[in-house]
Structure formats: structure tokens, C-alpha cells
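Reading through the C-alpha cells given below for one structure.
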Amino acid sequence: MPDTTPTGLTRLAFGGDYNPEQWPESVWHEDVRLMREAGVTMVSVGIFSWALLEPTPGTYEFGWLDRLLDLLHEHGIRVDLGTPTVAPPAWFYRAHPDALPVTADGTRYEFGSRGAICHSNAGYRAAAAAITTALAERYGAHPALALWHVHNEYGVPVSACYCDSCAAHFRRWLAGTYGTVDELNEAWGTAFWGQRYTDFGQINPPRATPTVGNPAQALDYKRFADATLRENFRMERDILHRLSPGIPVTTNFMTALSQCDSIDYWAWGREVDLVTNDHYLITDGRRTHVNLAMAADLTRSVAGGAPWLLLEHSTSGVNWQPRNPAKAPGQMARNSLAHVARGSDGAMFFQWRQSRRGAEKFHSAMLPHGGTDTRVWREVVELGASLDSLSPIRGTRTQADVAVLWDWHSWWAQNLQWRPSEDHDPRERADAFYEALYDRHLTVDFAHPEADLSRYPLVVVPALYLMTEAAGNNLEEYVENGGTLVVSYFSGIVDEHDAVHEGPYPGALRDVLGLTVEEFSPLLKGERVRITGPDGSELSGDVWTEFVVPRGAETVWTYADGLTAGHPAITRHRHGEGSAWYVSTRLDVHGLDALLGWAADDAGIAPRADLPRDVEVVCRAGESGAFLFAINHSALDAKVPLEAHGTELLTGEGAAGHLGVPAGAVRVVRLDD
Ligand code: GLA
Ligand code: ZN
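Going left to right, the sequence shown walks through residues 968 to 1640 as this note's numbering numbers them.
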């Protein structure tokens, strides 16, 4: 069995992508010296090195990598070794021009960037297997080797190819999935617009069409493309497991939906030995630490709650957003330790030394262009020391309070065309509910809709348009057994083929919610409706309203104006031992907070009103003890109540009663038993 943590790493992982091939070897010695100064424990190497390792087909030049791994080993730095299969060399494309991917409108990409790969291409698969085999044979037992890093960020920059090999591969996948073309016709609803097929050979990828294509076909293509990437990951992983036994294999995920939305990470989480993630702040004016927390919680959930590893983030600004602000002093440490609080056994960066050439020279790094007499470098050194003193938390697990349901297949379906309103953005709802839970200082696990939810007092469904019957039954059982459920509008509408569940909406959730929805009535741009509560108080909604008919549920809030005036806006259904809330409009922050407050009461979750806004408190616990992380993202000094005595690990001071957390600071208390 391979390890599930980097082999031989006895501290938290701290380091970054290390691309020394961009520098003369004399610089490597300075690199390792500075790595030691900063407390680096592991680096990721070789991710884009195919062209250097195999300069001509079948001839390998391993000398430089031998020297590099030996040097790192001499200095006690563990190695996360990449298979370079995301960057095939120029010679490869000369021999296999058909391995360049094709877009839905027929454009074939060119060589000259990275990740230009048709994953169905037999030539690519053979070449990727060969370089992986050669690397595994050479380095599989190297003493520096801690982890195999397969490929890079499957799903970006190309998530699906539409070429002829992919078409043939898609047909094979469809035949395997449906067995007969009649089954496929039924599932895809091809009776509509005369799309019936009489042979699998007639089916193509969802290439450009004059108007909207078949939605079930588009959804299946997402599944096919994801499954194809996973086939190639498995191919490499199995070679590595065979030739490098015991060493864990990972590939770096990008769980945050805004950075990669084409991968079903629930499925991928089961394939890797260790879940690793890349995360970059999206600086669009919103609270970036909330978005970060959400990505970290999602990554931990994909890892089944086990420790995972942040393999890339940035020390300061990135270079691929429209505007790339630097991080504020202290922000890098807060970011890093927020990932650690939420289950990462370390914090790694892209990249170690800032490049002078190439596309990413303006992306920050651990060692900036400005060298060691810089704020970034000083903060890097400080972070290395902090992580060193947090070593005892390795292997412990983050404790969650509530669950939010999440399903990539549902995202894919919701983003298909021709829906009741383009203003309904499911991602916006997920963010909004998450933010409201964050502001209540509740730690969130994400869960698949068919997962066992029995350990959570409260489960939130922000927007899950696609929901299988099995998921609906799962939620019903959860509530019957005493759970509290909160469901937002336009959930439980279609099955796995994007077909509307039989009977009134919401087919998968009617029984548990105790209601039906007769009609959707989305609002015009900027239009708002008022809703009134039992005591006459008022909330407001926009984007969406519905004609809800209670069938067992009680009406708690009612539309006061608009087309749905007089109809229920928020309902509650006592069902079995539990209760299920439904909200049929888009509530603003204030409304969401109120709704979650009532649901939290039902769930018996006590408010944590004694914690100030933007002070993040998260606990990790395990064999080595219980640890409370307090991260102050605000500009005000804060006090966090402590239920037990303990020792603050970053300052070494005793902590009891109230823990002082200065503005912008992080504190981690190891609680006494
Ligand atoms: C991704 C890639 C890295 C680098 C960073 C820059 O995460 O994996 O190679 O391009 O983005 O932010
Ligand atoms: Zn292709």
C-alpha cells in the first residue's frame, strides 16, 4: 500500500514548485542554501521538464535531474516529483499533430504554451506512459522521493477536445454506458427536434450547432471528458505504483469552481493516495478569505475529511487576472494558516524562485526578483518558522459543524443553455450560503447529495438543480431521522439525464419539503419583491420567485408584492423527527442570515455570537491533541473565548480564558486535555 502522506516527511510541507532548469546550475546551490534558511521541507520538481528529459524520442537526459535530486537530498529537502505529461515536447507534435486538441467550433490549438493535449490520442497516451515509466524506473526508489505529482491540474487549460479521435472514444463510452442506441435515445430525449439516432456511429461530440444542442448530450460530454482525463491519470498512477511501490501518487486539484469547473473531484478524490490542491485568491473585491475557506473546506471534503495538502498558492500577487494586487503584509501567513486550519498538512507555493523569462515572470514567488532583502522573503522565512512550530498538528482532522451539498454533475447541468433565467447563478447561491455560514462561525463540510449525512445537525442545499431520486430519498431519510434541511429554489428539478422528474416540481424533494411548485416566475433585471414574516417584519428577494403550494409544509414568510403576492416565500415542513425549510426567492445576505438562524435553532446549533466578524476560528483534533486556530482577518484586535487552558504554539505563551488575537494575526492554541 502506498503512503497517504509524503514519504519521509516528518514536518508540515513547506516549499514550492521548483523549476531550476530555468537557471544555471551555480544558482542551484544558492537555492538550497536559501531553502534551508526559509525552512523549506519539500519542493515540486520536473512538472514541465519533458523536453529536457527526453530531448529526442526515446533518448533520455537524466543527468541534471540526478544531480538536482541528490543535491536536495543532501540538504534534507523532500521531493514531490512531477511526471511532465502536461507539456509534451515540440518533436512530439511534429510526429503527432493530431494530438493537438480541437475546440467545439473546429479550431485546432497550436504548440507553444502548455496543456495542449487531446487525451483520447493514442500517440499521446503511449508517449506519456513511456516517459512516466522511464522516470519511475530511474527515480522510483530515490531517497529524496516523497510524492509523485502526476501531470498538472487536469481540466485546465483544456477540459474537453472535440476532435475525431474524441468522437470515436465518446461513441465507445456511450456504448459502454447505454448498451443500446435505443437506451441512449430515451435518456437523451432525442424524440425532441427529431434528433433520434439509429446507430452509435452517427453520434458526435456536441460541436458547434446553429442553435441550442441536446442538453443531455452536452451533459454526457462533460462526464465523458472528465472520465477520459481520469483514464489517463490512472494509467500513469498504475505505472508509478508498480515501479515505485510505497510512494504516494497525487495530482494537483483546483477544487474552487471558479478556477476549474470541469472535474468531478468526488470521483478523483477516490483515485489519488493524497488529495492536493492549488488555490489562488480571486481579487474581485469580495472577501477573499471567505472564498479561500470555502475552497479549503471543499478540498478536505473531497479527501473524505483526511488531511490534504495545499500544493500551490501565491506569496503575493498572481499575473493572470485583470488586476493583480500584492498581498498585504501578513496576508500570506493568514492565507497559508487558514488552509492548514481547514486540514492541509502544509502550505506550498507556485513557485520557489521568480522566473526571469516566460509567461509567468510577473507572478510572485517565495524568492522574488528583488532577492532576500524584501518583505516577501522575510515573510516567507517567518512562515517557515511558524509551520515548524505547528508540526504537532500533522495528521489531525478539522472538525465541521454543518454540511453543504455539492455536486459537479449538477453544476454542469445547471449551466446548460435555455433556463428560466440567466440571472440565476448557482455558484452565487453556494457562495452566499457559505458566506452566511462563515459569518455564523460555523465550519462547513461539503457532501455529495447521496452521502451519509447523519452526523450533521444541519444540511444546506444552496442550488442543486440536478438531483437523482436516490439523493431525494437520502434527504428524506435524513430529515425523518431528525436532521434539519434548508433548500434553496430551483433544486431537485431534473434527474441525471437532465430530464424533469415526473410530476410537479421539485420532483426529488416534494415529499421532504411538503410542497409543490406550480410555476417558476423569475424577476426582471433589478426587480425586487418584499416578503413578510409572521410578526410583520420584512425581507427582500430578487432574481427568482415561484408559485409554491404547501402540501404539509407551513408558510412562514409570504410574498407581499409581485406576481406571487400572497403565495408562500419561505416554508417549513416538520417531517418525522426533523424539519425541512424551503426558500423560493433569492434572499439577500440579511435574509439568508435570518433563515439560517431559524434553521440553526431547529438543529440545536447554539449561536457563537461572542466571536467578532472576520475572526475565523477552526479546530483540528486527533491523536496528537486538539488545536484551536484563530485567524484575525479584521483590522481590529480581537479576543476569542477559550474553553480549556492551552499553549499558543506560535508565541509559546500559555493561553486561558480569552485568547488575544491582534489585528491581522494568527494564533494556534494546543488545548490541554
Ligand atoms: C497554476 C499552475 C502553475 C502556475 C500557477 C500560477 O496553478 O499549476 O504552474 O501556472 O497556476 O498561478
Ligand atoms: Zn481529441
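Cβ coordinates follow ideal geometry from the N, Cα and C atoms, glycine included. These figures come from a predicted structure and were not determined experimentally.
Open item on the list: Can you tell me whether His1376 is helix, strand or coil according to DSSP?
Closed with: Looking at His1376 - three-state DSSP - the assignment turns out to be helix.
Open item on the list: According to DSSP, is Gly1564 part of a helix, a strand, or is it coil?
Closed with: In the three-state reduction of the DSSP assignment, Gly1564 falls in the helix class, which pools H, G and I.
Task: CA-to-CA distance, Gly1143 to His1542, given in whole angstroms - done: Near 40 Å, if we compare the C-alpha coordinates of Gly1143 and His1542.
Task: Beta carbon of Ile1084 nearer than 8 Å to that of Val1125 - done: For Ile1084 and Val1125, yes; Cβs fall inside 8 Å.
Open item on the list: Using a Cβ-based criterion (distance less than 7 Å to any ligand heavy atom), does Val1285 qualify as near the ligand GLA?
Closed with: Answer for Val1285: yes, Cβ within range of the ligand GLA.
Open item on the list: Give me the residue from Glu1444, His1464, Val1556 and Glu1485 with the minimum Cα distance to Pro1473.
Closed with: From the listed residues Glu1444, His1464, Val1556 and Glu1485, the smallest Cα separation to Pro1473 is found for Glu1485.
Task: Strand pairing of Asn1599, partner residues [DSSP] - done: DSSP, once it has assigned bridges, lists Val1582 as partnering Asn1599.
Open item on the list: Going by DSSP in three states, Leu1248 sits in which element: helix, strand or coil?
Closed with: It is coil, neither helix nor strand.
Task: Separation of Leu1196 from Tyr1121, as counted between CA atoms - done: The alpha-carbon of Tyr1121 is positioned some 7 Å away from that of Leu1196.
Open item on the list: Output needed for Pro1173: all residues of its chain with C-beta closer than 6 Å, excluding positions within five of it in sequence on either side, in chain order.
Closed with: Here the set comprises Gly1180, Gln1184, Ala1185 and Tyr1188.
Task: Secondary structure of Asn1258, DSSP reduced to three states - done: In the structure shown, Asn1258 sits in a helix (DSSP, three-state: H, G or I).
TODO: Answer with buried or exposed for Lys1294, where buried requires no fewer than 16 other C-beta atoms within 10 angstroms of its C-beta.
DONE: Buried.
Task: Cross-strand partners of Met1009 (DSSP beta bridge) - done: Met1009 pairs with Arg1045.
Open item on the list: Looking only at its chain, what residues have a beta carbon closer than 6 Å to the beta carbon of Pro1056, apart from the 5 residues adjacent to it on each side?
Closed with: Contacts found: Trp1017 and Ala1018.
Task: Cβ contact check for the stretch 1576-1593 and the stretch 1356-1368: 3 or more pairs under 8 Å - done: Flag = yes, the stretch 1576-1593 and the stretch 1356-1368 touch.
Open item on the list: Here's the rule I'm using: 16 or more other beta-carbon atoms within 10 Å means buried, otherwise exposed. How should Asp1149 be labelled?
Closed with: Burial check for Asp1149: the Cβ neighbour count within 10 Å stays below 16, so the residue is exposed.
Task: Assigned exposure category for Phe1645 - 16 Cβ within 10 Å defines buried - done: There is no way to answer for residue 1645, as the model of the chain reaches only from 968 to 1640.
TODO: Compute the Euclidean distance between the alpha carbons of Trp1140 and Met1202, then round it to the nearest angstrom.
DONE: Answer to the nearest angstrom: the Cα atoms are 17 Å apart.
Open item on the list: Ser1225 and Thr1282 - do their beta-carbons sit closer together than 8 Å?
Closed with: In this structure, Ser1225 does not lie closer than 8 Å to Thr1282 by Cβ.
- [ ] Assign His1625 to one of two classes, buried (16 or more other C-beta atoms within 10 Å of its C-beta) or exposed (fewer than that).
- [x] By the neighbour-count rule (16 or more Cβ atoms within 10 Å), His1625 is not buried but exposed.
Task: Three-state class that DSSP yields for Asn1199 in the structure shown - done: Asn1199 falls in the helix class under three-state DSSP.
Open item on the list: I need the straight-line Cα distance from Arg1580 to Ala1223, nearest angstrom please.
Closed with: For the pair Arg1580 and Ala1223, the Cα-to-Cα distance works out to about 23 Å.
Task: Rounded separation between Gly1310 and Ala1263 - CA only - done: Rounded to whole angstroms, the separation of the alpha carbons of Ala1263 and Gly1310 is 8 Å.
Open item on the list: Quick check on Phe1159: buried or exposed, where buried means 16 or more other Cβ atoms within 10 Å of its Cβ?
Closed with: Looking at its Cβ environment, which holds fewer than 16 other Cβ atoms inside 10 Å, Phe1159 is exposed.
- [ ] Identify which residue in Gly1146, Glu1021, Asn1244 and Phe1317 has its Cα closest to the Cα of Thr1217.
- [x] The option with the nearest alpha carbon to Thr1217 is Asn1244.
TODO: Would you kindly check if the distance between the Cβ of Leu1476 and the Cβ of Thr1451 is under 8 Å?
DONE: In this structure, Thr1451 keeps its C-beta atom at 8 Å or more from the C-beta atom of Leu1476.
- [ ] May I ask which residues mark the beginning and end of the beta strand (DSSP E) holding His1625?
- [x] Taken as a continuous stretch (DSSP letters only), the beta strand (DSSP E) holding His1625 covers His1625 to Val1628.
- [ ] May I ask you to list the residues that DSSP assigns as paired with Trp1115?
- [x] Paired residue(s): Leu1048 and Val1216.
TODO: Just tell me which of Asn1171, Leu1038, Tyr1164 and Pro1359 has its CA closest to the CA of Asp1312.
DONE: Per the C-alpha coordinates, the member of Asn1171, Leu1038, Tyr1164 and Pro1359 positioned closest to Asp1312 is Pro1359.
TODO: Taking Ala1399 as the reference, give the member of Thr1339, Pro1471 and Ala1430 with the closest Cα.
DONE: Answer by Cα proximity: Ala1430.
Task: Ala1593 in three-state terms, based on DSSP - done: Collapsing the DSSP output to three states places Ala1593 in a strand.
Task: Cβ contact check for the stretch 1522-1535 and the stretch 1427-1441: 3 or more pairs under 8 Å - done: No, the stretch 1522-1535 is not in contact with the stretch 1427-1441.
- [ ] Would you mind listing the beta strand (DSSP E) stretches within the stretch 1065-1140 that are 3+ residues and don't spill past its ends, in chain order?
- [x] Inside the stretch 1065-1140, DSSP marks whole beta strand (DSSP E) runs of 3 or more residues at positions 1112-1117, from first to last along the chain.
Open item on the list: What does the Cβ neighbour count give for Gly1107, buried or exposed, with the cut at 16 atoms within 10 Å?
Closed with: Buried, because 16 or more other Cβ atoms sit within 10 Å of the Cβ of Gly1107.
- [ ] Could you tell me whether the stretch 1558-1566 touches the stretch 1462-1472, using the rule of 3 or more Cβ pairs below 8 Å?
- [x] Judged by Cβ distances under 8 Å, the stretch 1558-1566 makes no contact with the stretch 1462-1472, as fewer than three pairs qualify.
Task: Asp1240, buried or exposed, once every other Cβ within 10 Å from all chains shown has been counted against 16 - done: Around the C-beta of Asp1240, 16 or more other C-beta atoms lie within 10 Å, and the residue is accordingly described as buried.
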